[in-house]
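Engineer:
There are 2 protein chains.
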Amino acid sequence: MQAEIITIGNEILIGQIVDTNSAWMAALLNENGITVHQITSVSDNSVHIIETLKDASGRSDIIFLTGGLGPTRDDITKKTLCEYFGVGLRFDAEVMTEVEKRLNQFNRHLTELNRNQAEIPENCIPLQNKNGTAPGMWFDCEGKVYVSLPGVPYEMKGLMNDEVIPRIKQKFRLPVIINKTILTIGIAESALAEKISDWEDSLANTGIALAYLPSPGMVRLRLSGCGENRSSLEENIENKVRELQMLAGKYIYGYNNDTLERLVGEILIKSGKTMSTAESCTGGYIAHQLTSEPGSSNYFKGSIVSYAIETKINILGVNPDIIEKHGVVSAETVEAMAQGVRRKMNTDCSIATSGIAGPGGGTDENPVGTVWIAVAAGQRLISRKFQFPYNRKRNIHVTAITALNMLRKELIEHTDEG
Amino acid sequence: MQAEIITIGNEILIGQIVDTNSAWMAALLNENGITVHQITSVSDNSVHIIETLKDASGRSDIIFLTGGLGPTRDDITKKTLCEYFGVGLRFDAEVMTEVEKRLNQFNRHLTELNRNQAEIPENCIPLQNKNGTAPGMWFDCEGKVYVSLPGVPYEMKGLMNDEVIPRIKQKFRLPVIINKTILTIGIAESALAEKISDWEDSLANTGIALAYLPSPGMVRLRLSGCGENRSSLEENIENKVRELQMLAGKYIYGYNNDTLERLVGEILIKSGKTMSTAESCTGGYIAHQLTSEPGSSNYFKGSIVSYAIETKINILGVNPDIIEKHGVVSAETVEAMAQGVRRKMNTDCSIATSGIAGPGGGTDENPVGTVWIAVAAGQRLISRKFQFPYNRKRNIHVTAITALNMLRKELIEHTDEG
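Chains as they are written, first to last, in my numbering: chain H, 1 to 418; chain S, 419 to 836.
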């Protein structure tokens with residue numbers, strides 16, 4: 001089963017936005033046993049779109065289009081699809097009801113432009129868009145499937161998960177594909193590759209493929225198996241995962257879509273404990289990560305983002321002599337911050353960060369990327385120094401995941417001392 | 419002058435990496451008056467690459483290829499280009515010297531694979547790659563130009579800036595292209611389109627095109643003009659922007675790559691003022707946005723993320739009677755939070771948020787998406803209630819940009835009262 005993705009929009013061709021939709025869709029399709037043959041970005045021009053549709057349908061079974069479905073006049077996908085299929089538009093009352101429902105939900109008035117959104121090509125099956133007013137559209141034509149989706153990532157993703165993938169699974173018999181991703185932190189890609197090289201060789205002829213997916217501070221290992229029999233494929237993959245745990249268990253923090261903030265939350269809920277953060281160089285990013293999880297108010301009491309020295313002293317209660325003697329970026333200061341926030345917020349454990357995220361602020365002693373992280377949990381108070389090599393944004397991100405992992409390990413390894 | 423970009427690599431088609439090269443190249447080409455007609459991502463397969471090259475050269479004047487130039491065996495671009503042009507490889511001594519120089523610089527040994535990098539198609543002009551061992555390649559063939567570049571972003575960027583753009587400028591006479599993006603907040607795409615519909619009609623036959631680029635809580639309007647004379651084109655676009663300011667000025671917060679956090683920072687620096695935040699439902703996200711800007715420590719003193727009621731009382735100093743009487747999500751509480759953090763952090767102004775981000779926690783009185791935002795600046799303390807329709811992540815994001823925009827407007831409109 002082969003697919004192509006066509007993204008429509010001048011904003012991609014003038015480089016104003018990066019097309020992230022295609023990669024997301026390609027990953028989802030691959031997980032479901034569908035190969036993506038080509039991704040093509042074209043302008044808001046009907047001649048160009050029609051040419052591209054013809055070429056794609058000559059090569060592939062399913063053609064996805066994203067973009068060009070909004071209510072304003074520069075969105076021409078719908079008219080172009082009518083031209084391509086040689087059909088007219090029809091007014092769909094059910095779509096209209098959905099558009100009105102959505103507008104109500106967003107507290108917006110119905111405009112003439114919105115009314116046009118209920119007009120769809122005669123030959124299309126509308127797909128309900130729970131996150132916006134433009135419906136998705138499904139076409140069956142001469143043995144090929146065409147799926148047209150809005151370009152807003154959040155709307156496209158909802159439609160792919162809720163409507164498109166289930167319909168594709170119903171229509172086509174897809175091979176069984178099982179993906180399992182093993183999440184590691186604290187080891188570089190090349191060091192990990194050396195450590196598990198024999199294990200990697202053992203995957204040959206098992207029908208299981210390995211991919212390294214590095215991102216700053218982490219390496220994800222994705223095992224993908226393709227076959228006919230789900231249960232034997234699952235068993236083979238789980239055996240390989242167990243072998244990997246023996247080799248690199250100390251670097252593995254989770255699987256598939258696990259996140260450190262969710263894992264930390266689960267441990268805290270289970271033990272009835274609470275936490276807080278004192279953030280200097282991470283500037284609230286750890287608190288943001290933690291509170292991105294629904295239900296985090298059950299264990300996260302809050303954060304003090306102490307960007308100014310006076311905030312560290314006046315609100316966190318760090319002794320000014322400590323800062324004077326050891327500096328802001330030091331074990332002593334970051335430990336005092338962790339103790340301070342834990343006391344002020346009355347929590348069982350805490351994280352604190354202090355460092356130089358860059359690009360400015362580096363010194364000979366503490367160059368850009370120098371970060372101290374402290375974790376207070378139970379009777380234990382630990383701190384570690386890191387030297388990260390990234391830009392500001394990445395240094396902040398890697399500091400946050402490293403800090404969350406330090407707390408996770410403390411909670412797991414010293415659970416009885418709390 | 420029309421160009422196409424072809425990106426080569428399976429990792430794009432399985433969704434393992436997002437293709438950021440194309441957007442960067444497209445932006446650079448547009449700035450130089452070259453229109454990008456199409457971007458195509460294809461697999462590491464010579465038949466597929468050759469088909470795509472043929473199609474592209476039938477449509478466009480310059481064809482860019484990125485990817486597939488590394489030393490390892492899955493990189494096949496060079497062989498495929500030889501096949502496409504019907505030429506062989508030749509050993510280039512100058513390229514060899516460059517490869518050796520680069521390896522020395524990176525403290526690496528010369529391998530057989532590196533030696534192969536000095537073999538280039540007979541008809542190509544090698545382009546010096548200062549950041550890596552794979553040379554760029556320039557081909558002139560039947561009136562078309564082909565440029566092949568490595569896929570590593572910083573190598574590709576160096577080659578584009580240092581070698582490719584200067585050669586293109588020498589070879590072709592390019593038109594002037596000017597893009598200007600107007601950034602709006604607080605008005606929906608369809609409502610904005612109605613408001614400016616006559617203005618939009620007035621763009622016909624001016625050589626200036628308009629595009630709507632919506633994202634949650636914001637709509638960007640992009641004007642693109644193409645012509646021969648830079649100053650008259652600039653003047654025409656600026657006139658249109660001035661007209662738009664008359665129609666929708668209250669929704670416009672900036673232009674091009676402006677961000678709210680940077681604009682707020684610039685106003686604060688200019689007036690020598692400082693700020694802080696007290697965040698409940700945004701959970702540190704506003705602090706994170708502010709501290710993503712280098713130099714934010716000049717005006718941002720910190721944040722108190724008060725996720726627990728006791729944190730609001732004990733650290734922000736909110737009177738428990740206020741919470742008891744009006745609830746946590748109320749004008750009175752959020753105003754007390756803004757006052758509290760401003761006093762505790764000793765700043766000139768502050769932002770506070772309290773609301774129900776979802777998915778849980780909604781009540782009849784305060785359903786999911788209910789958010790109160792307060793801004794304290796100078797003598798003024800204002801608060802507003804919002805009802806956002808999104809999921810947790812988006813509700814947090816839209817709350818943050820709305821809050822930053824409220825502060826920005828206060829600082830601009832009531833600057834003398836501070």
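Glycine included, C-beta positions come from ideal geometry on N, C-alpha and C. Predicted, not measured: the structure shown is a model, and the values here were computed from it.
For Gly9 (chain H), I'd like the list of residues in its chain whose CB is within less than 7 angstroms of its CB, leaving aside the five on either flank, ordered along the chain.
Structural biologist: Taking the first residue of the first sequence as 1, we reach residue 9 (chain H) at position 9. Correct list, in chain order: Asp44, Gly67, Gly68, Gly151.
Engineer: If I measure Cβ to Cβ from Leu639 (chain S) and keep anything under 6 angstroms in the same chain, skipping five residues before and after, which residues do I get?
Structural biologist: On the second sequence, residue 639 (chain S) is found 221 positions in, with the first residue counted as 1. Excluding positions up to five away in sequence, the list reads Ile600.
Engineer: Asn809 (chain S): buried (16+ other C-beta within 10 angstroms of its C-beta) or exposed?
Structural biologist: Locating residue 809 (chain S) in the second sequence gives position 391, where the first residue counts as 1. When all chains shown are included, Asn809 (chain S) counts as buried.
Engineer: Assess, as a yes-or-no matter, whether the segment 244 to 252 of chain H is touched by the segment 166 to 174 of chain H under the definition of 3 or more beta carbon pairs within less than 8 angstroms.
Structural biologist: Not touching, per the Cβ criterion.
Engineer: Below 8 angstroms on the Cβ atoms is my guess for Asn256 (chain H) versus Lys180 (chain H); work out the distance and round it to an integer in Å.
Structural biologist: Against the first sequence, residue 256 (chain H) aligns to sequence position 256. Against the first sequence, residue 180 (chain H) aligns to sequence position 180. That pair is a contact at about 7 angstroms.
Engineer: Quick one: which chain S residues come within Cβ less than 7 angstroms of Trp24 (chain H)?
Structural biologist: Mapped onto the first sequence, residue 24 (chain H) falls at position 24. Near Trp24 (chain H) (Cβ distances below 7 angstroms), the residues of chain S are Gly433.
Engineer: Under 8 angstroms by Cβ, that's how I've got Val147 (chain H) and Ala118 (chain H) pegged, so tell me the actual separation to the nearest angstrom.
Structural biologist: Taking the first sequence and counting its residues from 1, the one referred to as residue 147 (chain H) is at position 147. Taking the first sequence and counting its residues from 1, the one referred to as residue 118 (chain H) is at position 118. Their Cβ separation, rounded to whole angstroms, is 19 angstroms, which puts Val147 (chain H) and Ala118 (chain H) out of contact at 8 angstroms.
Engineer: Given that Thr259 (chain H) touches chain S, what residues does it touch there, using C-beta distances under 8 angstroms?
Structural biologist: Here residue 259 (chain H) refers to the residue found at position 259 of the first sequence. Correct list: empty, because the minimum Cβ distance to chain S is about 13 angstroms.
Engineer: What are the start and end residues of the beta strand (DSSP E) that includes Val594 (chain S)?
Structural biologist: Walking along the second sequence from the start, residue 594 (chain S) turns up at place 176. Counting along the chain, the beta strand (DSSP E) containing Val594 (chain S) begins and ends at 594 to 603.
Engineer: If you drop the 5 nearest sequence neighbours on each side, which residues of the same chain put their C-beta closer than 7 angstroms to that of Ser297 (chain H)?
Structural biologist: Sequence index remark: in the first sequence, residue 297 (chain H) carries index 297 (1-based). No residues qualify anywhere along the chain.
Engineer: I believe Tyr725 (chain S) touches Phe300 (chain H) by the beta-carbon criterion, under 8 angstroms. Please report the beta-carbon distance rounded to the nearest angstrom.
Structural biologist: Position 307 of the second sequence, counted from the start, is the residue given in the question as residue 725 (chain S). Position 300 of the first sequence, counted from the start, is the residue given in the question as residue 300 (chain H). That belief holds up - the Cβ atoms of Tyr725 (chain S) and Phe300 (chain H) are roughly 5 angstroms apart, short of 8 angstroms.
Engineer: Determine the burial state of Asp140 (chain H): buried for a count of at least 16 other Cβ atoms within 10 Å of its Cβ, exposed for fewer.
Structural biologist: In the first sequence, the residue the question calls residue 140 (chain H) occupies position 140. Burial call: exposed.
Engineer: Taking the CB atoms as reference points, tell me whether Leu282 (chain H) and Thr399 (chain H) lie closer together than 8 angstroms.
Structural biologist: By 1-based counting over the first sequence, the position of residue 282 (chain H) is 282. By 1-based counting over the first sequence, the position of residue 399 (chain H) is 399. This sequence places Thr at residue 282 (chain H); Leu is not what is there. Going by C-beta atoms, Thr282 (chain H) is nearer than 8 angstroms to Thr399 (chain H).
Engineer: Looking at chain S, is there any beta carbon in it that lies within less than 8 angstroms of the beta carbon of Leu481 (chain H)?
Structural biologist: This structure does not reach residue 481 (chain H), given that chain H is present from 1 up to 418, and the question cannot be answered.
Engineer: Taking the C-alpha atoms as reference points, what is the distance between Phe804 (chain S) and Asn131 (chain H)?
Structural biologist: As a working note, residue 804 (chain S) is residue 386 in the second sequence. As a working note, residue 131 (chain H) is residue 131 in the first sequence. The straight-line gap from Cα to Cα measures roughly 18 angstroms.
Engineer: Would you grab the beta carbon distance between Val341 (chain H) and Ser276 (chain H) for me? Rounded to a whole angstrom, and I think it's under 8 angstroms.
Structural biologist: Working through the first sequence from its first residue, we reach residue 341 (chain H) at position 341. Working through the first sequence from its first residue, we reach residue 276 (chain H) at position 276. 5 angstroms between Cβ atoms; contact.
Engineer: Give me the residue from H:Leu203, H:Asn123, H:Ser46, H:Thr133 with the minimum Cα distance to Thr111 (chain H).
Structural biologist: As a working mapping, residue 111 (chain H) is identified with position 111 in the first sequence. Ranking H:Leu203, H:Asn123, H:Ser46, H:Thr133 by Cα distance to Thr111 (chain H) puts H:Thr133 first.
Engineer: What does the Cβ neighbour count give for Gly265 (chain H), buried or exposed, with the cut at 16 atoms within 10 Å?
Structural biologist: Residue 265 (chain H) sits at position 265 when you count from the first residue of the first sequence. Per the 10 Å Cβ criterion, buried.
Engineer: Taking Cβ positions only, does Arg392 (chain H) come closer than 8 angstroms to chain S?
Structural biologist: Translated into positions along the first sequence, residue 392 (chain H) becomes position 392. Yes, contact with chain S.
Engineer: Let me know the secondary structure DSSP gives Thr274 (chain H) once reduced to three states.
Structural biologist: Locating residue 274 (chain H) in the first sequence gives position 274, counting from the first residue. Thr274 (chain H): coil per DSSP, three-state reduction.
Engineer: Could you have a look at Glu537 (chain S) and say whether DSSP puts it in helix, strand or coil?
Structural biologist: Taking the first residue of the second sequence as 1, we reach residue 537 (chain S) at position 119. Strand, per DSSP.
Engineer: Using a C-beta to C-beta distance shorter than 8 angstroms, which residues of chain H count as neighbours of Gly720 (chain S)?
Structural biologist: Taking the first residue of the second sequence as position 1, residue 720 (chain S) is located at position 302. What Gly720 (chain S) touches in chain H: Ile304, Val305, Ser306, Tyr307, Ala308, Thr311, Ile315.
Engineer: Any contact of the segment 789 to 803 of chain S with the segment 729 to 738 of chain S, i.e. 3+ C-beta pairs under 8 angstroms?
Structural biologist: No, the segment 789 to 803 of chain S is not in contact with the segment 729 to 738 of chain S.
Engineer: DSSP state of Asp201 (chain H), grouped into three classes?
Structural biologist: Your numbering for residue 201 (chain H) matches position 201 in the first sequence. In the structure shown, Asp201 (chain H) sits in a helix (DSSP, three-state: H, G or I).
Engineer: For Pro294 (chain H), return the contacting residues in chain S, with the cut-off set at a CB-CB distance below 7 angstroms.
Structural biologist: Position 294 of the first sequence holds residue 294 (chain H). Here the neighbours are Pro777, Gly778, Arg810.
Engineer: Buried or exposed: Gln523 (chain S), going by 16 or more other Cβ atoms within 10 Å of its Cβ?
Structural biologist: Numbered from 1 along the second sequence, position 105 holds the residue referred to as residue 523 (chain S). By the neighbour-count rule (16 or more Cβ atoms within 10 Å), Gln523 (chain S) is not buried but exposed.
Engineer: Measure from the C-beta of Ala209 (chain H) to each C-beta in chain S and report whether the shortest distance is under 8 angstroms.
Structural biologist: As a position in the first sequence, residue 209 (chain H) is number 209, starting the count at 1. For Ala209 (chain H), the answer is no, since every Cβ of chain S falls outside 8 angstroms of its Cβ.
Engineer: Return no unless some Cβ of chain S is closer than 8 angstroms to the Cβ of Ile351 (chain H).
Structural biologist: Locating residue 351 (chain H) in the first sequence gives position 351, counting from the first residue. So, not an interface residue.
Engineer: Taking the alpha helix (DSSP H) that Phe843 (chain S) belongs to, which residues open and close that run?
Structural biologist: What the structure shows of chain S is the stretch from 419 to 836, and residue 843 (chain S) is not part of that stretch, so it cannot be assessed.
Engineer: List the residues that DSSP assigns as beta-bridge partners of Arg591 (chain S).
Structural biologist: The residue you call residue 591 (chain S) lines up with position 173 of the second sequence. Partner(s): none; Arg591 (chain S) has no beta bridge.
Engineer: I think Val219 (chain H) touches Thr184 (chain H), with their Cβ atoms under 8 angstroms apart; what is that distance to the nearest whole Å?
Structural biologist: Residue numbering aside, residue 219 (chain H) sits at position 219 when the first sequence is read from its first letter. Residue numbering aside, residue 184 (chain H) sits at position 184 when the first sequence is read from its first letter. The pair is a contact, with the Cβ atoms about 5 angstroms apart (cut-off 8 angstroms).
Engineer: Could you give the DSSP three-state label for Ile168 (chain H): helix, strand or coil?
Structural biologist: Here residue 168 (chain H) refers to the residue found at position 168 of the first sequence. It is helical.
Engineer: Can a CB atom of chain S be found closer than 8 angstroms to the CB of Glu189 (chain H)?
Structural biologist: Taking the first residue of the first sequence as 1, we reach residue 189 (chain H) at position 189. Judged by the 8 angstroms Cβ criterion, Glu189 (chain H) is not in contact with chain S.
Engineer: Identify which residue in H:Pro216, H:Lys250, H:Ser60 has its Cα closest to the Cα of Lys409 (chain H).
Structural biologist: Here residue 409 (chain H) refers to the residue found at position 409 when the first sequence is read from its first residue. Out of H:Pro216, H:Lys250, H:Ser60, H:Lys250 has the C-alpha closest to the C-alpha of Lys409 (chain H).
Engineer: Identify the residues that DSSP records as bridge partners of Thr453 (chain S): which are they?
Structural biologist: Here residue 453 (chain S) refers to the residue found at position 35 of the second sequence. For Thr453 (chain S), which the question treats as bridged, DSSP gives the partners S:Gln420.
Engineer: Under 9 angstroms, CB to CB, which of the residues in the segment 638 to 671 of chain S have a partner in chain H?
Structural biologist: Cβ contacts with chain H come from Arg638, Arg640, Ser642.
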